[in-house]
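J.: Chains as they are written, first to last, in this note's numbering: chain A, 1 to 87; chain B, 1 to 87. Even for Gly, the Cβ is constructed at its ideal location relative to N, Cα and C. To start, I am sharing the structure in question, which I have written as structure tokens.
There are 2 protein chains.
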Amino acid sequence: MTIKEFQQLISQKYEKRDRQRGTPATFLWFIEEIGELATALARDDQNNKIEEFGDVFAWLCTLANINDVDLEQAVQKYHGPNHLGYK
Amino acid sequence: MTIKEFQQLISQKYEKRDRQRGTPATFLWFIEEIGELATALARDDQNNKIEEFGDVFAWLCTLANINDVDLEQAVQKYHGPNHLGYK
Chain A
1 MTIKEFQQLI SQKYEKRDRQ RGTPATFLWF IEEIGELATA LARDDQNNKI
51 EEFGDVFAWL CTLANINDVD LEQAVQKYHG PNHLGYK
Chain B
1 MTIKEFQQLI SQKYEKRDRQ RGTPATFLWF IEEIGELATA LARDDQNNKI
51 EEFGDVFAWL CTLANINDVD LEQAVQKYHG PNHLGYK
């Protein structure tokens with residue numbers, strides 16, 4: 001599955017509702033998922049990690065959708081040999 | 001580009017170093033990028049949003065890599081009609 005296809009899947013399911021909610025309130029939900037990921041990492045629970053990594057990625061996609069950001073385009077810079085700003 | 005291909009690209013570039021750093025310290029860098037995304041969203045700066053969404057996605061991939069999580073597999077559940085736990 002391409003990054004674009006997954007972002008479109010999330011758009012079809014959730015974008016209308018998330019646009020109505022708006023970015024600040026959607027960001028709160030996103031951060032709640034980040035917290036759940038932190039819990040899974042701290043407990044080193046592999047099944048829970050898979051669950052929470054998936055949820056964080058989905059919420060990142062919906063936040064990107066309502067901000068008109070194409071994630072696949074946004075990561076093109078990582079194809080270069082020396083992407084600055086990453087560590 | 002598939003989700004798996006991007007995760008592999010990030011693995012080739014960063015996984016060795018990030019495994020040495022470990023999950024807790026890598027999570028700190030991830031959260032720093034989340035903060036930068038929040039700044040871009042609050043300022044409603046489109047170019048900066050693209051930059052920061054890309055960086056958060058890349059850091060999510062490297063965290064997943066060092067925790068042996070396949071993001072493409074982790075989001076399979078979103079193909080179902082009623083994924084529970086998402087809102």
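For the candidate residues A:67, A:23, A:51, whose alpha-carbon lies nearest to that of residue 49 (chain B)?
T.: Checking every option, the nearest Cα to that of residue 49 (chain B) belongs to A:67.
J.: What first and last residue would you give for the alpha helix (DSSP H) that runs through residue 73 (chain A)?
T.: It spans 71-74 - the alpha helix (DSSP H) in which residue 73 (chain A) sits, taken as one unbroken run.
J.: Taking C-beta pairs closer than 9 Å, name the residues in chain B that residue 113 (chain A) reaches, listed in chain order.
T.: No answer is possible for residue 113 (chain A): it lies beyond the span of chain A, which begins at 1 and ends at 87.
J.: Is it the case that the Cβ atoms of residue 78 (chain B) and residue 58 (chain A) are separated by a distance below 8 Å?
T.: Yes, these two residues count as a Cβ contact at 8 Å.
J.: Here's the rule I'm using: 16 or more other beta-carbon atoms within 10 Å means buried, otherwise exposed. How should residue 39 (chain B) be labelled?
T.: Under this definition residue 39 (chain B) is an exposed residue.
J.: Whole angstroms are fine: how far does the CA of residue 20 (chain A) sit from the CA of residue 64 (chain B)?
T.: C-alpha separation (whole angstroms): 31 Å.
J.: Out of B:69, B:76, B:80, B:51, point me to the one whose CA is closest to residue 70 (chain A)'s CA.
T.: Ranking the options by Cα distance to residue 70 (chain A), first place goes to B:51.
J.: How many Å lie between residue 2 (chain A) and residue 3 (chain B) at the Cα?
T.: Going by the C-alpha atoms only, they are around 6 Å apart.
J.: Using the three-state DSSP reduction, which class does residue 5 (chain A) fall into: helix, strand or coil?
T.: In this structure, residue 5 (chain A) counts as helix in the three-state DSSP scheme.
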